[in-house]
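Each protein sequence line maps, in turn, to chains L and V.
Taken in order, the first sequence gives residues 1 to 123; the numbers are from my numbering.
Taken in order, the second sequence gives residues 1001 to 1107; the numbers are from my numbering.
Idealized CB from N, CA, C, for every residue including glycine.
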Amino acid sequence: EVQLVESGGDLSQPGGSLRLSCAASGFTFSNHAMSWVRQAPGKGLEWVSSISGSGGSVHYADSVKGRFTISRDNSNNTLYLKMSSLRAEDTALYFCARDPGAAPQPRYFFDYWGLGAPVTVSS
Amino acid sequence: DIQMTQSPSTLSASVGDRVTITCRANQKISSWVAWYQHKPGKAPKLLIYDVYTLESGVPSRFSGSETGTEFALTISSLQPDDIATYYCQQYDTYPWTFGQGTKVEVK
Chain L
1 EVQLVESGGD LSQPGGSLRL SCAASGFTFS NHAMSWVRQA PGKGLEWVSS
51 ISGSGGSVHY ADSVKGRFTI SRDNSNNTLY LKMSSLRAED TALYFCARDP
101 GAAPQPRYFF DYWGLGAPVT VSS
Chain V
1001 DIQMTQSPST LSASVGDRVT ITCRANQKIS SWVAWYQHKP GKAPKLLIYD
1051 VYTLESGVPS RFSGSETGTE FALTISSLQP DDIATYYCQQ YDTYPWTFGQ
1101 GTKVEVK
C-alpha cells in the first residue's frame, strides 16, 4: 500500500526556516517524480515544487523560487522541502504527492497524496 | 502561467442529481487535465486524468470531458459520499496550476 507521511510542520517567525520531510513506502521511490503542493487556509491547492526520480531535475513555482529547495534521499525513501526566508503568505498545509509515471517519463499529475504538514509563519 | 477558471465555486444539489463542474483554460492546452476530490482532513484523491481517463477504483458515475478550452467533471448521480471540494489541474505547461475549487453540498 502506498503511503506518504509528511512531518516537520511548525510555527516559524517571518524570515525563518523550516524543513519538511515526506516518508514514502509501498512503492519503488526512486522510480517516481515527487512534488509538494500547498493549501493556504480557506484557499485552494497550489503547486509548489517537483523533483524527478533521480533528483536531477527540479522545478519551482515563482512564489517560492530562490527561497525553497526540494530534494530527495532515494536510499531512505524520503522527500524534503527546505523552506527559507519564510513569509506570512507561506502559511499553509503542505502536501507531498506522487507522480504516477515510472522513470524516466513522469506524468505530471498526482495519484497519491499525504495528509499534509501544517506550516504557520507568524510573529 | 496558464490560469484555470473553475465554476461554480459552490454547488448545492440533491442526491441523484446530475452535477457538472467546469474549468476554462486561458489558453489552448492539450488534453493534460486531471480532477481531484478533497475532503477535509483527508488526502486529495485523484479521480480523472488525461481529461477522460477514470483512475482505478473511482466509481463510474464520475466522468470527464472537454470542449475547446473548457474541461468538465460530471457526476451522473450525486451520492452522499460525493460531498467534497473538487479541483481541476492542468499539466500541459509549468507551472502546474489548479482551479480555485468547487465545494459540492447536498440540499
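- Message: Between the alpha carbons of L:C22 and L:V64, how many angstroms are there, rounded?
- Response: Reading the first sequence from its first residue, position 22 is the one you call residue 22 of chain L. Reading the first sequence from its first residue, position 64 is the one you call residue 64 of chain L. Those two C-alpha atoms are separated by around 19 Å.
- Determine whether the Cβ of V:Y1052 lies closer than 8 Å to any Cβ atom of chain L. Counting from 1 along the second sequence, the entry for residue 1052 of chain V is found at position 52. No - not a single Cβ of chain L is within 8 Å of the one on V:Y1052.
- Query: What do you reckon, are the CB atoms on V:V1106 and V:V1019 nearer than 8 Å?
  - Reply: The residue given as residue 1106 of chain V occupies position 106 in the second sequence. The residue given as residue 1019 of chain V occupies position 19 in the second sequence. It is not a contact, given that the beta carbons lie outside the stated cut-off.
- Please list, in chain order, all residues of the same chain as L:H59 whose beta carbon is under 7 Å from its beta carbon, the five residues on each side excluded. Within the first sequence, residue 59 of chain L is the residue found at index 59, counting from 1. Sequence-distant partners of L:H59 (beyond 5 residues in either direction) whose C-beta falls short of 7 Å from its own C-beta, in its chain, are S49, S50.
- Reducing DSSP to helix, strand and coil, say where L:F110 ends up. Stepping through the first sequence from its first residue, residue 110 of chain L is reached at position 110. DSSP places L:F110 in coil when its eight states are reduced to three.
- Message: Using a Cβ-Cβ cutoff of less than 7 Å, which residues in the same chain neighbour V:D1081 once the five nearest sequence positions on both sides are dropped?
- Response: Locating residue 1081 of chain V in the second sequence gives position 81, where the first residue counts as 1. Same-chain partners within the cutoff: there are none.
- Determine the DSSP secondary structure at V:P1080, reduced to helix, strand or coil. Working through the second sequence from its first residue, we reach residue 1080 of chain V at position 80. In this structure, V:P1080 counts as helix in the three-state DSSP scheme.
- Between the region 99-117 of chain L and the region 18-36 of chain L, do three or more beta carbon pairs fall short of 8 Å? yes
- Task: Could you tell me the boundaries of the beta strand (DSSP E) in which L:F68 lies?
- Result: Within the first sequence, residue 68 of chain L is the residue found at index 68, counting from 1. Looking at the DSSP string, the run of the beta strand (DSSP E) that includes L:F68 is 68-73.
- How many Å lie between V:A1187 and V:Y1086 at the Cα? Lying before the first or after the last residue shown, residue 1187 of chain V is absent from chain V, which here runs from 1001 to 1107.
- Where the beta strand (DSSP E) containing V:R1061 begins and where it ends: For this step, residue 1061 of chain V is matched to residue 61 along the second sequence. Neither: V:R1061 is in no beta strand (DSSP E) and is coded neither H nor E.
- Query: Taking Cβ-Cβ distances below 7 Å as the criterion, which residues of the region 1065-1081 of chain V are in contact with chain C?
  - Reply: Of the protein chains in this structure, namely L and V, none is chain C.
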